[in-house]
Each structure stands twice: as structure tokens, then as C-alpha cells.
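Chemist: One point on numbering: in full-length UniProt numbering, the residue at position 16 of the sequence shown is 16, and numbering is uninterrupted. Yeah, the Cβ is synthetic: ideal placement off N, Cα and C, and Gly gets one too. Quick caveat: nothing in here was measured; it's all calculated off a predicted structure.
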Amino acid sequence: MDKLLKQFIYTLSFTVVMIVAGCSENIADEITTIESSRLFSPTSFETRITDQTSVRLTWKAVSKAKNYNIEVFKNEKFTGSPVKTASITFTEIPYTISGFEGETEYFVRIQAVGEGLAESKWVSATFQTGAEQILSPVDPDDIQATSVTLRWTAGQTATKILLTQSTSSSIEHNVTAGEIA
1 MDKLLKQFIY TLSFTVVMIV AGCSENIADE ITTIESSRLF SPTSFETRIT
51 DQTSVRLTWK AVSKAKNYNI EVFKNEKFTG SPVKTASITF TEIPYTISGF
101 EGETEYFVRI QAVGEGLAES KWVSATFQTG AEQILSPVDP DDIQATSVTL
151 RWTAGQTATK ILLTQSTSSS IEHNVTAGEI A
């Protein structure tokens, strides 16, 4: 019993010492802000194809960022010259870039830029454009027995139109500069 009482007293003494030592007034202040010499990278970066050859970019704002640099490449190492570049403010997001080639894989990256801080590291994503379709839907009134009128947005580049029927050979028409305009 005497041994049990000594163990109890030692345990109680140790617990009291630990509680008193743990209740010090020198507790560090709570961290409420983070100071950094560079901007943080944008987060939640997403790409979405909007009309086969355009991409819509979205991401969350970065604190203290004034602008965002955007670069689009055809290779995943981001080497050589970019296919497209832009510098935008956050008020322009979501940002849509148009005029890509159809059925092509692209690699896009963005970085935040601010005043008095180094720019963020790049964050990247990839997207694949769909098959390019420049023709507008055909109006049934434009279909005749031996002809059809095809329409597309003025200025879109086309070199030829290939019409194929399931029962006969195809018809190829070379597009003229006047037809493109």
C-alpha cells in the first residue's frame, strides 16, 4: 500500500508540474497573415472548349495580383514561341481565347503579376480542340434539285468544300476569295 501511495504521489506531482509548465504566458501569437516575397499561383484553373476552336479559362483570384499572364503552346514543355499570349485583369475572367486549329492539343499556363512582389509560379492545363465547323446550318429553302447554298461567317478561311452523297461520288468546289468575303 505504501508503494502504491508513493506512485500516486509521484504521478500527481508530475501531472501538476506539467500543467503549470504548460500554462506559460509566452504563447506565440496566432498566425493571421502570411507574408511572402512572391505572389501565390492561381488555383482552381480550368479550361473548357466553347465552340470547337475556342477555350474558356477560369481560375480563382490571387490576393494582391494586378494582372495575369496567359501563354498557349502546342507542346507540353512550353518551349519555343507561344501560339497565343494575353495579359488580363481579373475582371476579364472567365477569359475566352478563339481562333485555334481544330482537332489539336494545346497547353496553356497562367501566372499572377503584382506590384512590389515577384510574379507567381506558372500553373498549367491542357485542352483539345474539336473538329472545326465553320459552316452554318443549312436552311431547307437553300436546297434545290441541283444546287445548295452554304453559308459561313465572313472572313473565315476555307480552301475547298467537299460534298459527299452516300450513293454517288463526291463533288469538290474550290472556294474563291470573293466567296470567303
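May I have a chain-ordered list of the beta strand (DSSP E) segments no shorter than 3 residues that lie completely inside the stretch 115 to 176?
Modeler: 123 to 128, 160 to 163, 171 to 174
Chemist: Look up E92 in the DSSP assignment and say whether it is helix, strand or coil.
Modeler: In the three-state DSSP reduction, E92 falls in the helix class (H, G or I).
Chemist: Shortest alpha-carbon distance to G130 belongs to which of A145, S41, E103?
Modeler: E103
Chemist: Taking only the alpha-carbon atoms, compute the straight-line gap between residue 210 and T32 and give it to the nearest angstrom.
Modeler: Given that the chain is displayed from residue 1 to residue 181, the structure contains no residue 210 and the question cannot be resolved.
Chemist: What separation, rounded to the nearest whole angstrom, lies between the Cα atoms of L5 and M18?
Modeler: Whole-angstrom Cα-Cα distance: 20 Å.
Chemist: Could you tell me whether the Cβ atoms of K77 and I97 are closer together than 8 Å?
Modeler: Cβ atoms of K77 and I97: not closer than 8 Å.
Chemist: If distances are taken between C-alpha atoms only, which option among H173, S170, F100 comes closest to V72?
Modeler: The candidate whose alpha carbon is nearest that of V72 is F100.
Chemist: Any beta carbon from chain C within less than 8 Å of Y106's own beta carbon?
Modeler: No chain C appears in the structure shown, which is made up of a single protein chain.
Chemist: With distance defined between alpha-carbon atoms, name the residue in D2, A118, V108, H173 nearest to T47.
Modeler: V108
Chemist: Anyone know if the C-beta pair for A61 and V113 falls short of 8 Å?
Modeler: no
Chemist: With distances taken between CB atoms, is the gap from E106 to F127 smaller than 8 Å?
Modeler: Note on residue identity: the sequence assigns Tyr, not Glu, to residue 106. Cβ distance < 8 Å, so Y106 and F127 count as in contact.
Chemist: Under DSSP, the beta strand (DSSP E) around N69 begins and ends at which residues?
Modeler: 67 to 73
Chemist: Assign Y68 to one of two classes, buried (16 or more other C-beta atoms within 10 Å of its C-beta) or exposed (fewer than that).
Modeler: buried
Chemist: Return helix, strand or coil for I31, following the three-state DSSP convention.
Modeler: coil
Chemist: For P42, is the classification buried or exposed, using 16 other Cβ atoms within 10 angstroms of its Cβ as the cut-off for buried?
Modeler: With 16 or more Cβ atoms within 10 Å of its Cβ, P42 is classed as buried.
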